[in-house]
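Colleague: For the first sequence, my numbering gives the first residue as 18, with consecutive numbering after it. From the three backbone atoms N, C-alpha and C, an ideal C-beta is built for every residue, glycine too.
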Amino acid sequence: MTDKANNTPVAQDENKLIAERRVKLEKIRSNCSANGFPNDFNREHLAADIQAEHGEKTKEELEELQVTYAIAGRVMAKRGPFLVIQDSSGRIQGYAEKTVQKEIRAKWGSLDIGDIIGIKGILHKSGKGDLYVNMDEYSLLTKSLRPLPEKFHGLSDQETKYRQRYVDLIINEETRNTFKMRSKIVAGIRNFLTQRDFMEVETPMLQIIPGGATAKPFMTHHNTFDLDMYLRIAPELNLKRLVVGGFDRVFEINRSFRNEGISTRHNPEFTMIEFYQAYADFNDMMNLTEEMLRTIAQDVLGTTTIRNTVKNADGEVVEEKFYDLGKPFVRLSMVDAILQYGKEHRAAAHLDEAVLRDPENNFDAIKAMAKAVGVKESSASKVWGPGKYICEIFEEVAEHLLDQPTFITEYPWEVSPLARRNDENSFITDRFEFFVGGRELANGFSELNDAEDQAERFQKQVAEKDAGDDEAMHYDADYITALEYGLPPTAGEGIGIDRLVMLFTDSPTIKDVILFPHMRPEAE
RNA sequence: CGGCCGUUAGCUCAGCUGGUAGAGCAGUUGGCUUUUAACCAAUUUGUCGAAGGUUCAAAUCCUUCACGGCCGACCA
18 MTDKANNTPV AQDENKLIAE RRVKLEKIRS NCSANGFPND FNREHLAADI QAEHGEKTKE
78 ELEELQVTYA IAGRVMAKRG PFLVIQDSSG RIQGYAEKTV QKEIRAKWGS LDIGDIIGIK
138 GILHKSGKGD LYVNMDEYSL LTKSLRPLPE KFHGLSDQET KYRQRYVDLI INEETRNTFK
198 MRSKIVAGIR NFLTQRDFME VETPMLQIIP GGATAKPFMT HHNTFDLDMY LRIAPELNLK
258 RLVVGGFDRV FEINRSFRNE GISTRHNPEF TMIEFYQAYA DFNDMMNLTE EMLRTIAQDV
318 LGTTTIRNTV KNADGEVVEE KFYDLGKPFV RLSMVDAILQ YGKEHRAAAH LDEAVLRDPE
378 NNFDAIKAMA KAVGVKESSA SKVWGPGKYI CEIFEEVAEH LLDQPTFITE YPWEVSPLAR
438 RNDENSFITD RFEFFVGGRE LANGFSELND AEDQAERFQK QVAEKDAGDD EAMHYDADYI
498 TALEYGLPPT AGEGIGIDRL VMLFTDSPTI KDVILFPHMR PEAE
């Protein structure tokens, strides 16, 4: 099948400014080598390195040195004879004396903001104290045909920032920093785990049975097998198959896909790390999480205290929050969280501790309580048991209030189809979720390695699917087979990388930490 | 999927209770030539998101649609 709509070239949004630059490009093509696009300039130095090495020197000291530098980058501003050049490391000025300016005008028409040039010459310091490279040699490397956003206000239109991230990256240093930080965070996680003998693996994203989470999958089709397939919603089951195989400590950092709503916290494809450790339990995972986040914060931010802000429409900071990852994180059971945070809720009077602590024998009461606090029921709620109601009440009255780093434990087995039951209380599992700033960042548990129990849980999920819950899990017979070979006692965890980066970079929406977030196509 | 808000020049934005489109930046031309949002003078730029409607007259009022933002819903 060919999709002509996506392959038809559409008329570019030409305007006068672009036309003027095309005229200049014609001139450059005829006056310069390589038809105007040379690739023989040898860039030898970065702006930031030069600034670091010579920024503190006096004008006179520099004149004595007479050092030559070869820089290249994008022209970001013109100030008389000075050109502000931006490269991947930072900015430094170039200086065009009058004869050079005349020469440029004759050969290139004129230099535009956005053009990419190479400059080689002696480094000086200006009267106002800024370093500049004299344009002893220079070459126009790439003519920019499109005008950049205005130099002072920059690019603030969010739609353009997301649709044309390349423009956002040219213009906004905060955007560049966010994605540099993201790279460092991922590298930090990788280091942390590999130092602890975890092995990085890659498992299929195309799956026949999407498993490992309750979510709606994307569907696709494999032509050769003539087989419907799904994009994975989680790597979980394959990673545990690897633990069965004897890889005791594995992790995978990559995308999962869920065919659900888009919001400030949700993108249809998102990056998770999942890691599994044999002969460990969920308490070990919580300890590991604390240590990992602490280490990464220290390595990436240079501090364990993270500052997040709330801004108003004008971009002014109206609220500041600090999260100290250096302190032990709060650990609270789900029911305790309901009782503690529910005090502020408008329906607080309905939160009866005796009922919450024994929901199985108070099913009607827990249902009434859920209704009182505002839990909305749907057609799928026919199959809800007491555990699901507890979880719904928690989400309604407590979850969004979990600001400081908090582990919530004691998730009911009913909402945890892959987690191990607690030994003392079979109503709950050895599971936790981790929250910061009202956002869920991680989910971990001691793994259910009892094949027969797992088979029963899958059957219950299938019943829920048949009852109309299209997010319920499929029965994965091969996974049961794998468990029958024997999964050692194991604990595992998934951390949402995008949300973690949001926390570390003080980003209010997930689109700010994803280079190319999904948007509806623009109308033609 | 629902509520509210937005969409005007390449960018950032004005444009009032309807009277026929503006500023700064950048662009063009010239000047200046160690500037820092460089400066000085002159000057160009528009399908006012799209389509209907009301009106003598619509960027402005009404309707529908598109896209975006925020908040809900779903979820991670």
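What did DSSP end up calling S47 once you bin it into helix, strand or coil?
Modeller: Residue numbering aside, residue 47 sits at position 30 when the first sequence is read from its first letter. Reduced to three states, the DSSP call for S47 is helix.
Colleague: Just to confirm, are I290 and I313 a CB contact at a threshold of 7 Å?
Modeller: Numbered from 1 along the first sequence, position 273 holds the residue referred to as residue 290. Numbered from 1 along the first sequence, position 296 holds the residue referred to as residue 313. No, the Cβ-Cβ distance between I290 and I313 is not below 7 Å.
Colleague: Can you list, in chain order, the residues of its chain with a C-beta nearer than 8 Å to that of E219? Leave out the 5 residues immediately preceding and following it.
Modeller: As a first step, residue 219 must be located in the first sequence, where it is residue number 202. So the qualifying residues of the chain are E269 and N271.
Colleague: Have a look at H170 and K178 and give me their C-alpha separation to the nearest angstrom.
Modeller: For this step, residue 170 is matched to residue 153 along the first sequence. For this step, residue 178 is matched to residue 161 along the first sequence. In a straight line, the C-alpha of H170 is about 14 Å away from that of K178.
Colleague: Looking at the secondary structure, which residues open and close the alpha helix (DSSP H) in which G332 lies?
Modeller: Position 315 of the first sequence, counted from the start, is the residue given in the question as residue 332. Here G332 belongs to no alpha helix (DSSP H), and DSSP marks it neither H nor E.
Colleague: Alpha carbon to alpha carbon, how far is E286 from G229?
Modeller: Taking the first residue of the first sequence as position 1, residue 286 is located at position 269. Taking the first residue of the first sequence as position 1, residue 229 is located at position 212. Answer to the nearest angstrom: the Cα atoms are 15 Å apart.
Colleague: If you reduce the DSSP assignment to three classes, tell me which class K543 lands in.
Modeller: Residue 543 lies beyond the stretch modelled for the chain, which goes from 18 to 541, so this question has no answer here.
Colleague: Return the residue from the list M246, A382 and W125 that minimises the CA-CA distance to A371.
Modeller: Here residue 371 corresponds to residue number 354 of the first sequence, with the count starting at 1. Ranking the options by Cα distance to A371, first place goes to A382.
Colleague: Taking only runs that begin and end inside the stretch 227-273, name each unbroken alpha helix (DSSP H) of 4 or more residues, in chain order.
Modeller: Whole alpha helix (DSSP H) segments, 4+ residues: 253-261.
Colleague: Cβ of L100 within 7 Å of Cβ of G90?
Modeller: Taking the first sequence and counting its residues from 1, one reaches residue 100 at position 83. Taking the first sequence and counting its residues from 1, one reaches residue 90 at position 73. For L100 and G90, no; Cβs fall outside 7 Å.
Colleague: Is it true that the CB of V390 sits closer than 7 Å to the CB of A364?
Modeller: The residue you call residue 364 lines up with position 347 of the first sequence. The residue you call residue 390 lines up with position 373 of the first sequence. Yes, these two residues count as a Cβ contact at 7 Å.
Colleague: From the DSSP output, read off the bridge partner residues of Q103.
Modeller: Position 86 of the first sequence, counted from the start, is the residue given in the question as residue 103. According to DSSP, which records beta bridges pairwise, Q103 is partnered with R91 and R108.
Colleague: So, at 6 Å on beta carbons, what are the nonlocal neighbours of I407 in its own chain, with the 5 sequence-adjacent residues on each side left out?
Modeller: Working through the first sequence from its first residue, we reach residue 407 at position 390. These residues qualify, in order along the chain: P376 and P429.
Colleague: Whose CA, out of R96, S105 and E80, lies closest to the CA of A65?
Modeller: Start at 1 with the first residue of the first sequence, and residue 65 comes out as number 48. That would be S105, whose Cα lies nearest to the Cα of A65.
Colleague: Pairs of beta-carbons, one from the stretch 239-259 and one from the stretch 197-212, closer than 8 Å: are there three or more?
Modeller: The stretch 239-259 vs the stretch 197-212: no contact.
Colleague: In terms of residue numbering, what span does the alpha helix (DSSP H) encompassing R122 cover?
Modeller: Translated into positions along the first sequence, residue 122 becomes position 105. Taken as a continuous stretch (DSSP letters only), the alpha helix (DSSP H) holding R122 covers K115 to W125.
Colleague: Quick check on M18: buried or exposed, where buried means 16 or more other Cβ atoms within 10 Å of its Cβ?
Modeller: For this step, residue 18 is matched to residue 1 along the first sequence. The predicted model places M18 with a pLDDT of 33, which falls under 50 and marks its position as unreliable, so this point remains unresolved.
Colleague: Per DSSP, which one or two residues make a beta bridge with Q290?
Modeller: Stepping through the first sequence from its first residue, residue 290 is reached at position 273. The sequence given here has Ile at residue 290, not Gln. According to DSSP, I290 bridges with I270 and I512.
Colleague: So what's R448 in DSSP terms, helix, strand or just coil?
Modeller: Residue 448 sits at position 431 when you count from the first residue of the first sequence. Note: R448 maps to strand in three-state DSSP.
Colleague: For N194, report the span of its beta strand (DSSP E) as first-last.
Modeller: Working through the first sequence from its first residue, we reach residue 194 at position 177. Run containing N194: none in the beta strand (DSSP E); it sits in the alpha helix (DSSP H), E190 to Q212.
Colleague: If the criterion is Cβ atoms closer than 7 Å, does the pair V392 and E413 meet it?
Modeller: Numbered from its first residue, the first sequence carries residue 392 at position 375. Numbered from its first residue, the first sequence carries residue 413 at position 396. The answer is yes: Cβ separation under 7 Å.
Colleague: Under the DSSP definition of a beta bridge, which residues are partnered with S156?
Modeller: Translated into positions along the first sequence, residue 156 becomes position 139. Paired residue(s): G135.
Colleague: Identify, in the order they occur along the chain, each residue of the same chain with its Cβ nearer than 6 Å to the Cβ of N329, setting aside the five sequence neighbours on each side.
Modeller: If you number the first sequence from 1, residue 329 lands on position 312. The residues are V335.
Colleague: Is it buried or exposed, Q175, if we count other Cβ atoms within 10 angstroms and call 16 or more buried?
Modeller: Taking the first sequence and counting its residues from 1, one reaches residue 175 at position 158. It is exposed - the Cβ of Q175 has fewer than 16 other Cβ atoms within 10 Å.
Colleague: Sort out for me which residues DSSP pairs L223 with in a bridge.
Modeller: Position 206 of the first sequence, counting from 1, holds the residue named residue 223. Bridge partners of L223: L248.
Colleague: So for K344, helix, strand or coil by DSSP?
Modeller: Working through the first sequence from its first residue, we reach residue 344 at position 327. Coil, per DSSP.
Colleague: Taking one C-beta from the stretch 154-161 and one from the stretch 122-137 each time, how about it: are there three or more such pairs within less than 8 Å?
Modeller: With a cut-off of 8 Å, the stretch 122-137 and the stretch 154-161 count as touching, because enough Cβ pairs lie within range.
Colleague: If I follow the unbroken alpha helix (DSSP H) through E591, where does it start and stop?
Modeller: Outside the shown range of the chain, which is 18 to 541, sits residue 591, and nothing can be said about it.
Colleague: What first and last residue would you give for the beta strand (DSSP E) that runs through V479?
Modeller: As a position in the first sequence, residue 479 is number 462, starting the count at 1. Run containing V479: none in the beta strand (DSSP E); it sits in the alpha helix (DSSP H), A468 to D483.
Colleague: Residue range of the alpha helix (DSSP H) that Y358 falls in?
Modeller: Against the first sequence, residue 358 aligns to sequence position 341. Run containing Y358: M351 to Y358, per the alpha helix (DSSP H) assignment.
Colleague: According to DSSP, simplified to helix, strand and coil, what is A28?
Modeller: Working through the first sequence from its first residue, we reach residue 28 at position 11. The predicted position of A28 is uncertain, since its pLDDT is 44 and thus under 50; a value taken from the coordinates is nonetheless stated next. Reduced to three states, the DSSP call for A28 is coil.
Colleague: Buried or exposed for N14, please, with buried defined as at least 16 other CB atoms from any protein chain shown within 10 angstroms of its CB.
Modeller: The chain is shown from 18 up to 541; residue 14 falls before or after that span and cannot be answered.
Colleague: When the Cα atoms are used, what is the spatial distance from E78 to G72?
Modeller: Numbered from 1 along the first sequence, position 61 holds the residue referred to as residue 78. Numbered from 1 along the first sequence, position 55 holds the residue referred to as residue 72. For E78 and G72, the distance between alpha carbons rounds to 11 Å.
Colleague: Count the other CB atoms within 10 Å of the CB of E441; is the residue buried (16 or more) or exposed (fewer)?
Modeller: Here residue 441 refers to the residue found at position 424 of the first sequence. E441 is exposed by the Cβ-count criterion.
Colleague: One question on the structure: do T326 and L342 come within less than 7 Å of each other, judged by their Cβ atoms?
Modeller: Residue 326 sits at position 309 when you count from the first residue of the first sequence. Residue 342 sits at position 325 when you count from the first residue of the first sequence. Taking 7 Å as the Cβ cut-off, T326 and L342 do not qualify as a contacting pair.
Colleague: Suppose the cutoff is 7 Å on Cβ atoms and the five residues either side in sequence are ignored; what does the same chain contact list for D20 look like?
Modeller: Against the first sequence, residue 20 aligns to sequence position 3. Confidence at D20 is low in this model, with a pLDDT of 34, below 50, so its placement is unreliable and no value can be given for it.
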